[in-house]
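Under this note's numbering, the letters of the sequence shown match residues 158 to 291, in that order.
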Amino acid sequence: MVSTEQKGFDQIWDKALLGSRVEGKVLIIDRDPNLIQAVREALKRQGQGFSAIVARDGKSAEKLLRSEPVTLVLYNLKVPKASDIELLKYLSRSYPDVEVIAISGLGGEELQKIVGTKADIECIEKPYAIDGIV
């Protein structure tokens, strides 16, 4: 289910990365170099052996997912299109053990309506402060 709570990035980040995991890969699906760099810096500061891989679009993301095991997907939805929603459904269906965080201008409830109630996706609503990531 898409989270409808108003959570800060730090809370979602901690839930996704911490716990019993001590290492893993985060797949960032985005073209924004600022967000990509911020996430890489945050992972480095975590000091738990997490690394980031980047896909610039859904097709690249699917290809990476087939070849690289990931712990978390961070997906920045600029303006959600049908292909974005299909990718979220694909992630939920094909990789149920992978945490998914969607950054979207849509609220969690709206995203849940579009994606479906079975998807387990956290949602960070835009606008957000990039400082909250790092």
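All C-beta atoms in this analysis are idealised placements derived from N, C-alpha and C, irrespective of residue type, glycine included.
Helix, strand or coil for residue i? Go by DSSP, reduced to three states.
| i | result |
| --- | --- |
| Gly181 | strand |
| Tyr252 | coil |
| Val291 | Note on Val291: pLDDT 41, under 50, position unreliable in the model; the coordinate value appears next. Note: Val291 maps to coil in three-state DSSP. |
| Glu225 | coil |
Tell me the residue span of the beta strand (DSSP E) that contains residue i.
| i | result |
| --- | --- |
| Glu282 | 278-282 |
| Val211 | 207-212 |
Taking DSSP's pairing of strands, which residues face residue i in a bridge?
| i | result |
| --- | --- |
| Ala259 | Tyr232, Cys280 |
| Ile186 | Ala212, Tyr232 |
Drop a sphere of 10 angstroms on the beta-carbon of residue i, count the other beta-carbons inside from all chains shown, and report buried for 16 or more, exposed for fewer.
| i | result |
| --- | --- |
| Gln203 | exposed |
| Gln269 | buried |
| Glu162 | The predicted model places Glu162 with a pLDDT of 43, which falls under 50 and marks its position as unreliable, so this point remains unresolved. |
* Asked: Looking at C-beta atoms only, is the number of pairs between the stretch 225-232 and the stretch 254-268 that lie closer than 8 Å three or more?
  -> The stretch 225-232 makes contact with the stretch 254-268: 3 or more CB pairs, one atom from each, lie closer than 8 Å.
* Indicate whether the contact test is met: 3 or more Cβ pairs, each with one atom in the stretch 190-210 and one in the stretch 241-248, closer than 8 Å. => Because the criterion of three Cβ pairs below 8 Å is not met, the stretch 190-210 and the stretch 241-248 do not touch.
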